[in-house]
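Reading the sequence shown from the start, the letters are residues 1 to 672 in UniProt numbering. Even for Gly, the Cβ is constructed at its ideal location relative to N, Cα and C. Fair warning: this is a prediction, and the values are worked out from it, not measured in the lab.
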Amino acid sequence: MNFIHDLQNIVSNQQLDFDEKVQKLLSLGLLVFGLDIGLVSRVQGTNYTVLFAQTPDNSLTAGTSFDLEGTYCVHTLEANSAISFHQASETDIAEHPCYKNFGLESYIGAPIRVGELVFGTVNFSSAKASKPFTETHIDYVELLAQWLGSEYARKESVSQLVQANKMLNKLENVAKIGSWEVDLATDKITWSDQTRKIHEVASDYVPELNSAIQFYKDRSRDTVTKAVESAVAHGEDWNLEVELITAKGKNIWVSTHGSAEFEDGQCKRLFGTFQDITEAVTLRNELKKQKIEAELALRDRSILFAKVSHELRTPLNGITGMLTALVDEGNAERRKEMLQVALRSSDNLLKIINEVLDYSKLSHGSMKLEPSHFLLKTSFVDLASMYLPLFTKKSIDFFVNLDISDSCWVYVDSTRLSQIVSNLLSNSLKFTDKGEVKLTASAKGGNGKVHLAIVIEDTGVGMTQPFLKSIFTPFRQDIRDISVKNRGTGLGLSIVKELVDMMGGSINVQSEKNIGSTFRVELTVATGQEDLSDRNDNDTALIDGSRLNVLVVDDNEINRLVMEASLNKFHITPDFAVDGRDAVYKCEENSYDLIFMDCVMPELDGLDATRILRQRGLVADETVIAALTANTADADKQACKKAGMNLFIAKPFKMKSIYTAVESALAKINLR
């Protein structure tokens, strides 16, 4: 469920009045938080009055009043911010009158502010204990409270504006909603003052049809044009979120709504509203960014596991030794010192355990190489594409030189090969604050073997010669060589060394303090084959997919070329999209039977693009969407399925997987 998207749909729905919007928002909150009771209240002094309510048995109605001290909201107002608890009986709140009278176990609520004053609260509760609430849940309830506060402020302003006979213009300023109108008989466009403010034009600016559409960015311009054409031809209303560039060059997001007015079967007038939603979109993107960052941090922590002999004994000795001595120690100051030593030791122990997960697999022999046939160059192109924005963000030049044939197939564990290069690039990224990083890779084949040379050079902090002697040994960093912000256990490079050794290769490093470092990896791997087993399958050879309209969505050009060559074998000439946003645009233009969707892309990833396509009805229910991804964990598969994808194809893919997707799409159209 996309809470931000659903909230925006509700609050921007011009066909709903305020009361209807509040009831829908309460329903949305109950669903998101998993609770039974949703309330919006007005608080005046010690009086708590219910304004809106949703309860399982409708036992609580608007107008019901309580003593504020007898409600959980008294804590919300005292905190002056959102609070939550999921099991009141296990806390001091069990003594609160609200728990004693109503037995409410779980609660989440936030204060509603109108200007500088507290208006009341929005809160959700249940007699049942819920799952623990997250920071995201807190953000959601605060967002609801902010909208309600804004709406109550707007309603108060509307009342004042009516009395002053200036309701419309001032209302637009409060809500940041502008209106517009197009008289199709005269081609005259009328903008309200707020619409002019949104576009950052002069107060006497007179828009024209050609000039007005130019404010939109290219893709948004096409979307709005099609919406207008559909409204004129068929009377269809539109409700869009699009990007425009103001007269002052500012990039903003607006929610635009439009309707058509007909007379005698002819469209005579178009009218609608503009609302600047840049803050809401920014908040939505920030929440998405925070989620991605949290998931990346969790994944990074899960990669490490330890070889735990000597390194674990030291903190364990500190913990057990201090606690044992503490039993008979009577001096309070000495007891405090012993506890502090034990706590520091436990912190060190926890740090080591969190960092050594992957290394433990290597050291215990549970790490197994899983070779497969794949195009070598594709792996490096993907890594370069992934790291380029990271280096760019840090203002470091990133150069890539690949001397690898486009037809060079190898037979090796592609995941572990990528991990080697990725760890080395991450190391350069971490220790380089200015200058450049170069990735060079070459592949020379012969006699069924491919010699692969990988060189990564950086202009980072470099290393001293004594430090270089232990660089591949875990837990043996010389702290005199590393700044506090970059200090760690040194497991990253030790994992690289272990993987290179498992593959029968070699790794060497040259470095000079304050000049930079150069890592060189050499591997000899087997020559691969182009998925011959699946290509020889009789069914695969005979299948004809020429009736299918197919879209391939991938931000990598080489991957698109590979997919095109693969689909040509089934007599399919696909369309292409370079990212998720482009895919949405293509599906607005065309109807597709089969979509191959890369999951990790800039602008809009494959999961979000699929959700948009399904939710907006831009693809038919029968359209087969196949995920294309190198992330093959069960969690990734479940995420793809939840987003609306029908099939899951792991990279590097086999022709049999493409055959299955084509066969599935053909079966769907045969059932129509």
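Counting along the chain, no beta strand (DSSP E) covers E78; the unbroken alpha helix (DSSP H) around it starts and ends at C73 to A79.
For the pair K250 and E603, the Cα-to-Cα distance works out to about 19 Å. If you look at S230, you'll find it in the alpha helix (DSSP H) that goes D218 to H234. By the neighbour-count criterion, in which a residue is buried when 16 or more other Cβ atoms sit within 10 angstroms of its Cβ, K651 is buried. The distance from the Cβ of R269 to that of V182 is about 7 Å, consistent with a contact at the 8 Å cut-off.
When DSSP reads this structure, N508 sits in a beta bridge with R520. In this structure, the CA atom of R284 is about 35 Å from the CA atom of I658.
When I277, H571, G103 and T527 are compared, the shortest CA-CA separation from S546 is found for H571. Boundaries for S203: no beta strand (DSSP E) harbours it, and the DSSP string shows neither H nor E there. Less than 8 Å divides the Cβ of Y411 from the Cβ of H373. Apart from the 5 residues on each side of it in sequence, S65 sits with its Cβ closer than 8 Å to the Cβ of N47, Y48, T49 and V50 in its chain, given in chain order. Setting aside the 5 residues that flank it on each side, K226 is surrounded in the same chain by E588, each with a C-beta closer than 8 Å to its C-beta; the list follows chain order. Distance between A145 and Y72, taken at the CA atoms: about 16 Å. The three-state reading of DSSP puts D593 in coil, since its state is none of H, G, I, E or B.
Rounded to the nearest whole angstrom, the C-alpha separation of N447 and A441 is 20 Å.
Sequence-distant Cβ neighbours of S385 in its own chain, meaning closer than 8 Å and more than five residues away, are D555 and N556. Taking C-beta atoms under 8 Å as the contact rule, V43 and V22 fail to qualify, at a distance of about 17 Å. Collapsing the DSSP output to three states places F576 in a strand.
Within the same chain, E241 and W253 come within 8 Å of V281 by CB-CB distance, once the 5 residues on both sides are set aside. A distance below 8 Å separates the beta carbons of L468 and V509. DSSP places I138 within a helical segment (H, G or I) once states are collapsed to three.
DSSP places R269 in the uninterrupted beta strand (DSSP E) bounded by Q266 to D276.
Contact between the stretch 79-87 and the stretch 120-136 is present: three or more C-beta pairs spanning the two stretches fall below 8 Å. One alpha carbon belongs to M502, the other to A443, and they sit about 19 Å apart.
Only residues of its own chain outside the window of five on either side were considered, and among them E172, S192, Q194, T195, I198 and F274 have a CB closer than 6 Å to the CB of G178, listed in chain order. The DSSP assignment places complete alpha helix (DSSP H) segments of no fewer than 4 residues inside the stretch 15-97 at 18-33 and 73-79, in order along the chain. A straight line joining the alpha-carbon of T76 with that of G109 spans about 7 Å. Within the model, the alpha-carbon separation for Q465 versus F391 is close to 27 Å.
Under the DSSP assignment, E663 falls in the alpha helix (DSSP H) whose first and last residues are M655 to N670. In this chain, the beta strand (DSSP E) harbouring V624 covers V624 to T629.
Taking each of Q419, E243 and P56 in turn and checking the Cα distance to K217, the smallest one comes out for E243. With a cutoff of 8 Å on beta-carbon distance, L429 and V496 are scored as not near each other.
About 5 Å separates the CB atoms of G606 and D598; that is less than 8 Å, so the two are in contact.
When the Cα atoms are used, F124 and D636 turn out to be separated by approximately 32 Å. When C-beta atoms of the stretch 101-115 are compared with those of the stretch 148-157, three or more pairs fall below 8 Å, so the two segments count as touching.
In the three-state reduction of the DSSP assignment, I456 falls in the strand class.
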